[in-house]
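Student: Quick mapping for you: the protein sequence lines, in order, are chains X and C. Sequence positions in the first sequence follow the numbering used here and run -10 to 212. Sequence positions in the second sequence follow the numbering used here and run 4 to 261. In this text, a Cβ means the ideal position worked out from N, Cα and C, and glycines have one as well.
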Amino acid sequence: MKDIITTICQFVTSSVGRKVIVALTGACLLLFLVGHLAGNMTIYGGLGGGNETSWINHYAQGLHAMPAWLLWAIRLGLLAVLLVHIGFTLVLKWENVNARTKYQKEGTLKATLASRTMVLTGVTIFCFMVFHLWQLTYNGDPANCYEHIVHAFINPWCSLFYIAAISCLFMHVRHGFQSVFQSIGLSTRKIRPIFDLAAIAFGLVICGGYISIPLAVLAGIIR
Amino acid sequence: MANLNLTLKVWRQDTPQSKGSIQTYQANEIPEEASFLEMLDIVNEGLVIAGQEPIHYDHDCREGICGMCSLTINGVPHSGGLVSKVTTCQLHMRKFKDGDTIWIEPFRAEAFPLLRDLIVDRSALDNIIAAGGFIEVRTGSAPEANTMPIRKKTSEAAFDAAACIGCGACVASCKNSSAMLFTSAKAAHLNLLPQGQPEKHKRVLAMVRQMDNLGFGNCTNQYECEAACPKGISVDNIAKLNRDYIIACAAEGVGVYA
Ligand code: HEM
Ligand code: FES
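(1) Does the Cβ-Cβ distance between G70 of chain C and G169 of chain C come in under 8 Å?
(2) By the 9 Å beta-carbon criterion, what residues does the segment 83 to 100 of chain X contribute toward chain C?
(3) Under 8 Å between the Cβ atoms of H137 of chain X and L125 of chain X?
(4) So Y226 of chain C contacts chain X; which residues on that side make the cut at Cβ distance below 8 Å?
(5) Output needed for V211 of chain C: all residues of its chain with C-beta closer than 6 Å, excluding positions within five of it in sequence on either side, in chain order.
(6) What are the complete alpha helix (DSSP H) segments, minimum 4 residues, inside the segment 142 to 215 of chain C?
(7) Whose Cβ in chain X lies nearer than 8 Å to the Cβ of E56 of chain C?
(8) Got a sec: does the ligand FES put a non-hydrogen atom nearer than 7 Å to the Cβ of T90 of chain C?
(9) Looking at the C-beta of I75 of chain X, does it have a partner C-beta in chain C at a distance below 8 Å?
(10) Anything in chain X within Cβ reach of F219 of chain C, meaning under 7 Å, just list it in chain order.
(11) Give the DSSP-derived three-state secondary structure of R181 of chain X in the structure shown.
(12) At the 8 Å Cβ level, is L19 of chain X part of the contact set with chain C, yes or no?
(13) Determine which residues share a DSSP beta bridge with H95 of chain C and list them.
(14) In chain order, what residues of the same chain lie with their CB nearer than 8 Å to the CB of N47 of chain C, ignoring the 5 residues before and after it?
(15) Near I132 of chain C, which residues of its chain fall below 7 Å by C-beta distance, leaving aside the five closest residues on each side in sequence?
(16) State the CB to CB distance for the pair Q198 of chain C and I138 of chain C, rounded to an integer number of angstroms; the pair is presumed to be in contact (CB under 8 Å).
(17) Note the first and the last residue of the continuous alpha helix (DSSP H) segment covering I107 of chain C.
(18) Which runs of the alpha helix (DSSP H) spanning at least 4 residues fall entirely within the segment 103 to 136 of chain X, listed in chain order?
(19) Give the residues of chain B in contact with T177 of chain X, contact being defined as C-beta atoms less than 7 Å apart.
(20) Please state the DSSP three-state secondary structure of R89 of chain X.
(21) Would the C-beta of I180 of chain X count as close to the ligand HEM, meaning under 7 Å from any of its heavy atoms?
(22) Taking buried to mean at least 16 other C-beta atoms within 10 Å of its own C-beta, is I33 of chain C buried or exposed?
(23) What in chain X is Cβ-close to N77 of chain C, meaning under 7 Å?
(24) Quick one: list the residues of chain X neighbouring Y248 of chain C, beta-carbon separation under 7 Å, in chain order.
(25) Using only CA atoms, which one of C:T104, C:H62, C:L94, C:L7 lies nearest to V123 of chain C?
(26) Going by DSSP in three states, Y260 of chain C sits in which element: helix, strand or coil?
(27) Mapping the DSSP letters down to three states, classify A46 of chain X as helix, strand or coil.
(28) Report yes or no: do the segment 169 to 178 of chain C and the segment 83 to 101 of chain X share at least 3 C-beta pairs separated by less than 8 Å?
(29) Quick one: is I25 of chain C near chain X, going by C-beta distance under 8 Å?
(30) Need the endpoints of the beta strand (DSSP E) that R119 of chain C sits in, please.
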C-alpha cells in the first residue's frame, strides 16, 4: 500500500490537483459572496426609528454577539480559504507564464477577456478587500453600521472605487463560476453552456446587488 | 481561378540555440486551389532558385491524418482562425484574400524545443503516451464484433477521443501551453472502454504526472484548445481526466489499486 501522505503531496503539487483546490476554495468564496450579500441587503430595511431599530445594525450586532471563538473561527477560516486560493493561483500562473513562448503575432479564438485577466481582477479584488475591511470592519461600529455606510458611500470617490472593484469581481466570477465545474470534472458538452449562462446570471445578481448599495446612497434612496 | 499575391512574415531560426527573427517574403502568383503547404513549396522553389535556404517546416501525409504539419498562422495553429477543424495541410489558399499579410510561426511552447525555422520537437507528447497511454497485456487480434457489448454512446465517445492525431495544436494554442487536451483524449479513449479498465487509475496517475514533469502549463479552462483542434476533440475529455485523476488519487491513497 502506497503511503497516503505521498499521494496527498503528489495531489497538491500536480497540475490537476492544484486546479481542484483553486476550484474548491473559489467555490467557498462564491458561497461567501452570497451570504455577505444577503446580510448587506438588510440595509434596505432603512434606518427606521433610529439606530436601535435599523435592520442592518441589528444584523451587525448579531454577528458581533456570536461567541468570540466562533466569530474568529469564521474569520480565520475565510482568510485561510482566501490565502490558499491566492497562493495556488499565483503559483499556477507563474508556471503558466514560464511554460509559454510568446508569438510575434498572437491570435485568440475563444478565450474570454474575463478568463485572460483572472490574476489582474483577483489582485484588484484583494486590494479592495483590504481597504473594505479597514474602512467598514476595523473602523466601524456595529451599533451605527447604517450611518457609517451612508457616510462612506456619500463620498463619490469611495463609491466609484467600490463599483470598479465589484466590476472586477463580476469578471472574476463570470469565468470562475463555470470554471469550478470543469476543474472538478462535472462539466459536459451539454451542460457547459448552461454553466456559462449561470455564471453570467450569478455574477449579475451578486455584483448588481453589491453595486446597488453605493448607487442607492448616491441617489439618495438610502440616507 | 484567380492567383493571389501575398506577403509572408515567417519565423526563421537556423539552430535551436540561435536567435530567430521574423523575415518577410513575397509569395506571388499563388493559385487559389493550392494548399497552405503547397504555397510554401512554391515560395521555397523561388528561394532555392535564388540560392537561399528554403523555409523548413514539418509535413508528411498532407491529408490531415498524420498530425505532422504544424504551423501557427496569424497566431492560430493550423487554421489561422479561418476555418474550424482543419490541419495546415488541408487549409487552402482560397481562404485568403489577395494582398493579405500572413504570419507564419512554429507551434510555440517551452515543452516544444525549436529545431529549425518552423520545426519543433514534439516528442514530449510521445513521452506522455509512453507513461501510460497503452494497454500492457497482449489483447490478441481483433475479436468478433459484438462479443464484448459496449454502449453506443461509450464507444462513440472513445472513438471521438481516439481521433486525436497528436499534432500538438492544443498546446500551441493554449495561453498556458497546457497539454491537457492531448493527455485527456489519449487517456479517455482507453479509460472509456472495457479493455482499458484494469489499468485505469495507474494510467491516469502516470500520464498526468508525466505531463507535469515535462514543463507544460496548467489548464485554466479557456477552451482555446478545443477551438484550435483540427479533429474537434472535446474539452469534455479534460473534465473527465480531472474527475478520473481525483478518483485515482483517492484509490492510490487508500491502496485499493496496484
Ligand atoms: C471573493 C473573492 C473571490 C472569489 C469569489 C473567487 C472565485 C474564483 C473562482 C470560482 C475561480 C475558479 C476556480 C477554478 O475552477 O479554477 C477562481 C479562480 C482564480 N482566482 Fe479567484 N476568487 C476570489 C478572489 C481572488 C483573489 C483575491 C485572487 C488574487 C490573486 C484570485 C485569483 C484567481 C486566479 C488567478 C484564478 C485562476 C483563474 C483560472 O484558472 O483561469 N481570486 N476564483
Ligand atoms: S501533414 Fe499529415 S496531418 Fe498535415
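Tutor: Looking at the atomic coordinates:
(1) yes
(2) E84, N85, V86, N87, A88, R89, T90, K91, Y92, Q93, K94, E95, G96, T97, L98, K99, A100
(3) yes
(4) K99, A100
(5) Y248
(6) 155 to 165, 172 to 176, 183 to 194
(7) Within 8 Å Cβ-Cβ: nothing; E56 of chain C doesn't reach chain X, min ~20 Å.
(8) yes
(9) no
(10) A88
(11) helix
(12) no
(13) C:S38
(14) P57, I58
(15) K189
(16) 6 Å
(17) No alpha helix (DSSP H) contains I107 of chain C, which is instead part of the beta strand (DSSP E) from 104 to 108.
(18) 107 to 121
(19) Included in the structure are the protein chains X and C, with no chain B among them.
(20) coil
(21) no
(22) buried
(23) K94, G96
(24) V5
(25) C:H62
(26) coil
(27) First, the amino acid is wrong: residue 46 of chain X is Asn here, not Ala. Helix at N46 of chain X.
(28) yes
(29) yes
(30) 117 to 119
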